[in-house]
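Going line by line, the protein sequences match chains A and B. For the first sequence, the numbering used here assigns the number 104 to the initial residue and increments by one for each residue that follows. For the second sequence, the numbering used here assigns the number 16 to the initial residue and increments by one for each residue that follows.
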Amino acid sequence: MERVHRGLSDREAGRTAVLEPASALATARAGVWRRRLTSRAAAPYWQAAPLALVFAFFFVLPLVVMVVVSFWRYNEYSITPALVGDNYVSVFSGCVAELPSLCLTFKTYLSTLKFCVLAWALTLLLGFTVAYFLAFHVRSLTAQMALFLVCTIPFWTSNVIRMISWVPLLGRNGLVNGFLITAGLTREPQTWLLFSDFSVVLAFVHLYTMFMIVPIFNSMSRIDRALLEAARDAGASGWQALWNVVVPLSKPGIVIGSIFVVTMVMGDYVTIGVMGGQQIASIGKVIQVQLSYLQFPLAAANAVVLLAAVLMVIAAMTRLVDVRKEL
Amino acid sequence: MGDRRPPAFYALAAVFGLFVLFLYGPMLTIVVLSFQGPTGGLTFPMHGVSTHWFVSLWGGLGVVDIWAAFGRSLRLGLAVMVLTVVISLLAGYAFRRGFRGSSLVFYTAVASLIVPSIIVSLGIGVQFRLLDAAIKAAAEALGLAAFTESFATSAGTFTSGLGAHLTWTLPFGLLIMFAVFNRIDGRYEEAARDLGATPWQTFRHVVLPLIAPSLVGIALFGFTLSWDEAARSSQALGSDQNTLPLELTGLTTTVTNPEIYALGTATTTVSFAVILVSLLLFRTLSRRQARGR
């Protein structure tokens, strides 16, 4: 569309130029050609170049380096170029032999899977509810934007601080335990509240629900309100309209939010580290520890396996929706 | 507006209210606790109210040079902010006209958003290590002994650190630019061109006023995402170049007094100041734009 408009205006410019003296026409033509060569054709390329270069040097190349290094050898002092599968063998050491009991890698992935499922289900439920409220029950656009902003502001503040802020609430002498004891619900302070699976999942929900709200709200605000009216007129109950109209039309947002949450949980080590009291395993943590011992090839092999797992999850999820169409 | 709300509204409003409490409540508790009296601990009750922990924070946190980290994070955040705005704007223009390979660049940007930060961080860390080795080998081959001795690493806040942060902020900037350019009516620019404006004049007097509020939004993302970034920086910074979030992550396991809350409050104050300034600027620019029409 854009191009068609441009073409037309160029042609119009040409038509008016015909009326002018020949020299002016020649200058105009030369100008047009110069513009075509310098700006029209080439412009998008140099405009996209900085972005492309940043991603090439700081994203694509590092991933290539990582894959290459995962096949290298290492000892305590150095890493040496090679093409061996040793690192992958040690990532999965004992995984087949020890079956049915699980090796460390499988156990870690299983624990990560558990966090993924819990965080995904809870953020989806909460995010969908909040987005639904904002999109369909808040009537004024100003109020909608203001409340939406209230939900997103914490996203611009530090995750680590948002994690730490649970400590005075959930700790042994925290507010929640204080309340439970005063209310006579428990005698001893509950220790499962903090530095536990519970606090890890709680922090994930706290940090990542925003990533569900934004895309789902985006999908919902595109839903034609007449469809809901039609559903009601056709005799659908509120729940039926929600399930058969709103949910299917929100699917793109749901999928995008789910991809965000699941991949962030899969690669996380900061949240699991801080909220798990550095006691709960995660792939990210394993990689980080290996890096601190300078076992780069081993860490790289672990990272490649993690990346493969993440890509498989994304591939499965994008089967459900064309992500690009939604932007 | 006179018609009655359905009962579902009240239930959903209650859920929303609780969600907001869930979002902000914990943050509020550490702000309150950072004003804990000198004898107070990490939890309630408050032992008086004082600015003791802020004063003690001001003096530094033992072995950790927190103010150096503060300065590094601030400078890095500002650099990331400026670069994110400029690069996203240029790329937004490029994508609008279309170019060969645009979908490849687009999917790379999306991938950069989704690939776990620890993986990107590891890649950059190892890449710069190999780069250092290559530089040293090259210097040795050229017989630059003095250089080889003094050279430590090419990794640092404004090389590997900056790059790592940009891989995180640029996808957001690009997605915002997409949304912005989707909404701009191309006829404004055509009108400017028909009136004889140069491409620069068209940008300066037509496009820029239209997109200025969104550029503020991109700047907000650029700064705050960098300011709070921990996972991507973890392996990608030189030694002793830790940013504030990294020091903070380390402190969670070692600090046993409210100093950490004072630090949290100080950091969050910076974040909120930036958010507030951005929102005010956004509103001012949007209003000016509305008046201009």
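No residue lacks a Cβ here, since even glycine has one placed at the ideal position from N, Cα and C.
For the 7 angstroms CB-CB criterion, B:E274 and B:L72 form a contact.
Around the Cβ of B:T54, a 10 Å sphere holds fewer than 16 other Cβ atoms; the residue is exposed.
Runs of the beta strand (DSSP E) lying entirely within the segment 55 to 91 of chain B, each at least 3 residues long, are absent. The Cβ atoms of B:S103 and B:G188 lie closer than 7 angstroms to each other. One Cα belongs to A:V349, the other to B:R298, and the distance between them is close to 32 angstroms.
Chain A places a beta carbon closer than 7 angstroms to that of B:M42, counting this residue as a contact. Interface annotation, A:V416: not in contact with chain B, CB-CB separation never under 7 angstroms. When CB distances to chain B are screened at a threshold of 7 angstroms, the residues of the segment 334 to 368 of chain A falling below it are G341, I362 and T366, in chain order. With a contact defined as Cβ atoms closer than 8 angstroms, B:T99 and B:L185 qualify at about 6 angstroms. Counting along the chain, A:T374 sits inside the alpha helix (DSSP H) bounded by residues V373 to M378. Under the 10 Å beta carbon count, B:T182 is surrounded by 16 or more other beta carbons and is classified as buried. Taking 8 angstroms as the upper bound for CB-CB distance, B:Q51 and B:L137 are not in contact here, some 39 angstroms apart. Judged by beta-carbon spacing, A:A238 lies within the 7 angstroms limit of A:S324, meaning their Cβ atoms are closer than that value.
Segment contact: the segment 279 to 287 of chain B against the segment 172 to 180 of chain B, fewer than three CB-CB distances shorter than 8 angstroms; contact not assigned. Judged by DSSP in its simplified three-state form, B:Q51 adopts strand.
Look at B:R19 here: in three-state DSSP terms it is coil, with no helix or strand label. One alpha carbon belongs to A:V279, the other to A:T312, and they sit about 22 angstroms apart.
Contact annotation, B:I134 with A:L409: C-beta distance approximately 6 angstroms; criterion of less than 8 angstroms satisfied. When 9 angstroms is used as the limit between beta carbons, B:V222 is near no residue of chain A, the shortest such separation being about 13 angstroms.
Residues of chain A whose Cβ lies closer than 8 angstroms to the Cβ of B:P131 are, in chain order, T366, M367, M369, G370, D371, G387, L409, L410 and V413. Under the Cβ distance rule, A:L227 does not count among the residues neighbouring chain B, no pair being separated by less than 7 angstroms.
B:R115 and A:L221 have their C-alpha atoms roughly 42 angstroms apart. Listed by position along chain B, the residues whose Cβ is nearer than 7 angstroms to that of A:A402 are L137. For A:L272, a Cβ of chain B is located within less than 7 angstroms of the residue's own Cβ.
Residues of chain B with a Cβ closer than 9 angstroms to the Cβ of A:G379 do not exist, since the nearest Cβ in that chain sits about 11 angstroms away. A:Y396 carries a coil assignment under DSSP once its states are collapsed to helix, strand and coil. About 5 angstroms separates the Cβ atoms of A:P165 and B:I139, confirming a contact at the 8 angstroms cut-off. No Cβ of chain B is located within less than 7 angstroms of the beta carbon of A:Y191.
The C-beta of B:F166 has fewer than 16 other C-beta atoms within 10 Å across all chains shown, which makes the residue exposed. Residue pairing by DSSP places B:R115 opposite no residue, since no beta bridge is assigned to it. Under the 8 angstroms Cβ criterion, the segment 257 to 276 of chain A counts as touching the segment 287 to 298 of chain A, having at least three qualifying pairs. DSSP, read as helix, strand or coil, puts B:Y122 in helix.
About 17 angstroms separates the beta carbons of B:N257 and B:A94, which is beyond the 8 angstroms limit, so they are not a contact pair. Contact between B:A277 and B:P260 fails: their C-beta atoms lie close to 16 angstroms from each other, not under 8 angstroms. A Cβ-Cβ contact shorter than 7 angstroms links A:V377 with B:T267. With fewer than 16 neighbouring CB atoms inside 10 Å of its own CB, A:Q381 falls in the exposed class.
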